[in-house]
Every structure is written in structure tokens, then in C-alpha cells.
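Visitor: Handing you a structure now.
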Ligand SMILES: NC(=O)c1ccc[n+]([C@@H]2O[C@H](COP(=O)([O-])OP(=O)(O)OC[C@H]3O[C@@H](n4cnc5c(N)ncnc54)[C@H](O)[C@@H]3O)[C@@H](O)[C@H]2O)c1
Ligand SMILES: [Zn+2]
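Numbering (our numbering), first residue to last: 327 to 789.
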């Protein structure tokens, strides 16, 4: 068995639910320790507490844990909230696998969950007393949720231990930077957008063939949006579609590219032209990867975070490396919209294109010397100007947005020598076009993005 994952956390923090789902997506077996104790003793946990007391329960718990570890066939084990209070139990789990601690939900949420299971959880009020115990586990899961067919888990320090023994396609830089903590990759994707090609997809097919990957196998992508898009596409097309797990390692890929199901590669004729909808079954978003990102790459990701703040009306301010909670809240904006319009057919998903019609034109006009994030910042501000001219936003709105992007270290004006007029022919070629006019997702305020057809010739003429 690979490295066993042990889930610890306050009662009602969701260990059993998450453990079961995670095991299913990882293709490993699941054990709920409380269930194992109950079936071994023939009594429910509250019955054991009532008739024999806590000490006897803890002894039974330690014995059952030792048996589960000795058997060695459990991939994911959900522990009881107090199972690692005994040092020997903790040492046993830490030496035979990885312990991940679920964050304690807010008090209101705990009351709601425990209230609904009244009587079955004798230690429900102990979350507070044990706060220091739970805080002592370094590998943490902030939250988890379903995004279409994907289970998304967000936290810190938990992803790398979960990859032990798995077949991974890894970004070149990530493979280098994390070489001491990763197993030998199945394949390495050379870093950079220039490698997001069908030739790289072909090299992955070859690697899959060499490894004998069958229909029931799963591959893992570890890297930024390039690695995720390419690996997802190779998985979508290998034997007509095998499962994959995505481990995004850039901020941009965490909050944007990792969910939504789009996979693909670039062609000489244009970006992302070949591809498929093929969502990963599991997405592990681990903010510890952000520690090794350059400030420029962090700023790039922040541009998409600010776009989500606009779309979702979120209050964001972080100038520091975002926390798992911030990343989770931000990602939820995209997930909510994709849920309503998974295949981009209902006109909801276009809202995520906010700032992007101008951004794509800026990237093309500068031969991609302006990064995507920088182009998104400029694009949102330019498009906010379009909203103002159409009476859809107040005159101060573009300045307010510019201040937010500038605080995140992003540019706010078109590069010198590049005019809006020069972008018009490029915007007309944008994919999201309907008839003669171009439909923009115009940012009109926090939480207010509207799909608006814009006649670009008239716009350029008026300027
Ligand atoms: N599928 C989607 O829905 C979707 C959405 C948005 C963007 N994308 C795609 O994502 C790509 C952009 O993603 P990206 O910005 O992550 O680019 P990327 O994958 O090229 O990564 C950027 C750089 O960061 C390096 N890197 C990655 N993780 C690192 C880490 N933890 N520490 C240090 N360096 C690290 C990489 O080696 C690379 O040089 C584009 O191809 C875009 O089309 C896809
Ligand atoms: Zn983008």
C-alpha cells in the first residue's frame, strides 16, 4: 500500500465524508476508525462511552488503529476527533503515512452539524478544548467541495504526500524545484506556453504507452495551467478518456485553470484551438506551492483573483501570498458559474471572460510579451471604460479598479505605443464573437458583470 492518509480534526469537521470521497477518487480503500471500533465491539460509540467510560474507549480505539495499520490495506483512514491525543497513536500514524488535519468549522457551523446528529457524538463540545492539539498538525485541509465531476480539496502541505507512488506528469521547473519530495515522474512537460503543443501531447501518449496505462488507470498533472491543460487533454484522448487528477502549482492555475473541465493545446494558428472538456476527478489545491513562485507569476494569478472578485462581488485585499481560505473563496466564484453553464452554452460562463476580450488582443498585439495576468488587468480597466461610456457604471469605476490592480503589482494602462484602435481588428477575431459585433463581459461594478454587444467600429470612431 502507498503512504496511508490519516484524517484528523474536530468532531463534525467532515473527516468521514471527505475521507470516503477522497478514497473513491484516489482508487484506494477507506476505513472509518469509529465504524471499525463499533463493528469490532458490537456496540455503538455512545454505548461504549456510557457503559465503559472514555478510558476503555480510548484503549479500544488504540487497539483498532494498530490493527488497521498492521493490516496495511487502508488508503485513507478517517480518525475519531481524539484518536491522536495519545502520543503513541500519533507516532504510529506519522510513521506509517501522512496525517492531514481538517480545519475546525466555525462555531455556528459546528452547532448546525452536531445539532443534527445529537446524541451520536459524545465529544461534540470538545473542539475548543482541543484547539491547540488540532493546530499542532502541519498538513492542513481548509475545505473541500464538489465542482461538477471534480472533488476539489484546498489546503496547505497536504498534496505532495498524497502523490507518493502515483503516475505523475510534472512541469519541468516543478520537477526540479520539488525533486526531493516527488517520486520519479512518468513524464516531464518542459516549462512554458511554447510547449503547450500537440507534439508535447504526443510525447505524453508515448509515455502512457511505455508505462502500459490502461483504461482504468489514473494520471496526475503537477504544474501550472500548461501542464494541467496538456495532461488533461492527453488523458481525455488516451484510450478515449482515462481519469486524471490535477495538482495546480501556480496561483493562476489554482484559482482558474484547475477547474471547469477545459483541456487542450495551442496550434500554430492560435491558442487553445484543439481541446476537449474532460474534468479531473480530483483537484488538490495546495497553497504551499506558492512559496516558490516568482513575484511576477504571483501577480499574474492575482489578476485572475481580482477578476473573480469583480464577477463574484468578493472583498479581496491580499498583497501577500494568498491563504488557503482566500484561494478557496476565490475559486468558488468560478465553480459557481461553471456549475450553471458547464459547456459554455447558456451565456453564464461568458461572465468569466470579463476583461479578456481586450486582454487577448493585448497579448496578440505585443506578441505575448505582456503576460496574461498583466493583460487581464489592463483589459478589465479598459472594459470598465466601455461600461462607463454606455452608462452602465459610474465615472470613478475604472479608477477604483486600477487602484486594486496596481496594489497587486499589475499594470493599469496599455503599453506605450499601443492604442485601443489598434486592438480593434484583433478583438474582432476573438473567439467569443456573435455576428458583426463583439459580445463583451463588461465589468460594471463589484459583483456586476454584464454581457453587452459592442460595435467596435463605432467605439473606435467615437474615440
Ligand atoms: N483550462 C482552463 O480553464 C484554463 C484557464 C486559464 C488558463 N489556462 C491556461 O493556463 C496556462 C497558464 O497557466 P500558468 O500561468 O499556470 O502557466 P504555466 O503552466 O506556464 O506556469 C508558469 C510558470 O511557472 C512555473 N511554475 C509552476 N509552478 C511553480 C511553482 N510552484 N514554483 C515555481 N515555478 C513554478 C512553470 O514552470 C512555468 O514556467 C495557459 O496556457 C492558459 O491557456 C487554462
Ligand atoms: Zn485568464
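Every residue gets a Cβ at the ideal spot worked out from N, C-alpha and C, and that includes glycine.
Note that the structure is predicted; figures quoted are calculated from it, not measured.
#1: Below 8 Å on the Cβ atoms is my contact criterion, and I expect residue 403 with residue 359 to pass it. Report the Cβ-Cβ distance as a whole number of Å.
#2: Are the region 715-735 and the region 694-707 in contact at 8 Å, needing three or more beta carbon pairs?
#3: Quick one: give me the first and last residue of the alpha helix (DSSP H) that residue 502 is part of.
#4: Give me the DSSP bridge partner(s) of residue 601.
#5: Can you tell me the Cα-Cα spacing of residue 530 and residue 549, whole angstroms?
#6: Let me check you understand the geometry: is the CB of residue 517 closer than 6 Å to at least one non-hydrogen atom of ligand 1?
#7: Between the alpha carbons of residue 634 and residue 394, how many angstroms are there, rounded?
#8: Which value, in whole angstroms, describes the spacing of the CA atoms of residue 490 and residue 769?
#9: Looking only at C-alpha atoms, which of 772, 749 and 774 sits nearest to residue 783?
#10: Starting from residue 652, trace the alpha helix (DSSP H) both ways and give me its first and last residue.
#11: Three or more beta-carbon pairs under 8 Å between the region 654-670 and the region 554-565, yes or no?
#12: Any heavy atom of ligand 1 closer than 6 Å to the CB of residue 583?
#13: Consult DSSP for residue 715 and reduce its assignment to one of helix, strand or coil.
#14: Here's a check: name, in chain order, each residue in its chain whose Cβ is nearer than 7 Å to the Cβ of residue 514, leaving out the five neighbours to either side.
#15: Given this structure, state the Cα-to-Cα distance separating residue 773 from residue 418, to the nearest angstrom.
#16: Is residue 775 closer than 7 Å to residue 637 when the C-beta atoms are compared?
#17: Pairs of beta-carbons, one from the region 662-673 and one from the region 684-697, closer than 8 Å: are there three or more?
#18: Below 7 Å between beta carbons: does that hold for residue 405 and residue 332?
#19: Which of the three DSSP states is assigned to residue 434 in this structure?
#20: Rounded to a whole number of angstroms, what is the C-alpha to C-alpha distance between residue 717 and residue 785?
#21: By the three-class DSSP mapping on this structure, what secondary structure does residue 269 have?
#22: Of the choices 470, 600 and 576, whose alpha-carbon is the least far from that of residue 523?
Guide: Walking through what the data contain:
#1: Start at 1 with the first residue of the chain shown, and residue 403 comes out as number 77. Start at 1 with the first residue of the chain shown, and residue 359 comes out as number 33. That belief holds up - the Cβ atoms of residue 403 and residue 359 are roughly 6 Å apart, short of 8 Å.
#2: They touch, by the three-pair rule.
#3: Within the chain shown, residue 502 is the residue found at index 176, counting from 1. Here the alpha helix (DSSP H) through residue 502 covers 498-503.
#4: Taking the first residue of the chain shown as position 1, residue 601 is located at position 275. Answer by DSSP bridge pairing, in chain order: 590.
#5: Working through the chain shown from its first residue, we reach residue 530 at position 204. Working through the chain shown from its first residue, we reach residue 549 at position 223. Approximately 15 Å between the Cα atoms of the pair.
#6: For the purposes of this step, residue 517 is identified with residue 191 of the chain shown, where counting begins at 1. Yes, Cβ of residue 517 sits closer than 6 Å to a heavy atom of ligand 1.
#7: The residue you call residue 634 lines up with position 308 of the chain shown. The residue you call residue 394 lines up with position 68 of the chain shown. Roughly 44 Å separates the two Cα atoms.
#8: Taking the first residue of the chain shown as position 1, residue 490 is located at position 164. Taking the first residue of the chain shown as position 1, residue 769 is located at position 443. One C-alpha to the other measures close to 43 Å.
#9: Counting from one through the chain shown, the residue named residue 783 turns up at place 457. Minimum Cα distance to residue 783 is reached at 749.
#10: Translated into the one-based positions of the chain shown, residue 652 becomes position 326. Where residue 652 is concerned, the enclosing alpha helix (DSSP H) stretches over 650-666.
#11: no
#12: In the chain shown, residue 583 corresponds to position 257, counting from 1. Correct: residue 583 has its Cβ closer than 6 Å to ligand 1.
#13: By 1-based counting over the chain shown, the position of residue 715 is 389. It is helical.
#14: Indexing the chain shown from 1 puts residue 514 at position 188. Hits under 7 Å: 496, 498 and 501.
#15: Stepping through the chain shown from its first residue, residue 773 is reached at position 447. Stepping through the chain shown from its first residue, residue 418 is reached at position 92. Each residue's Cα considered, the two are about 49 Å apart.
#16: The count along the chain shown starts at 1 and reaches residue 637 at position 311. The count along the chain shown starts at 1 and reaches residue 775 at position 449. Contact flag set, yes.
#17: no
#18: In the chain shown, residue 405 corresponds to position 79, counting from 1. In the chain shown, residue 332 corresponds to position 6, counting from 1. A Cβ-Cβ contact shorter than 7 Å links residue 405 with residue 332.
#19: Within the chain shown, numbered from 1, the residue matching residue 434 stands at position 108. Here residue 434 sits in helix by DSSP.
#20: Within the chain shown, residue 717 is the residue found at index 391, counting from 1. Within the chain shown, residue 785 is the residue found at index 459, counting from 1. Cα to Cα, residue 717 sits roughly 14 Å from residue 785.
#21: Here the chain covers residues 327 to 789 and nothing more, so residue 269 does not appear.
#22: Locating residue 523 in the chain shown gives position 197, where the first residue counts as 1. Ranking the options by Cα distance to residue 523, first place goes to 600.
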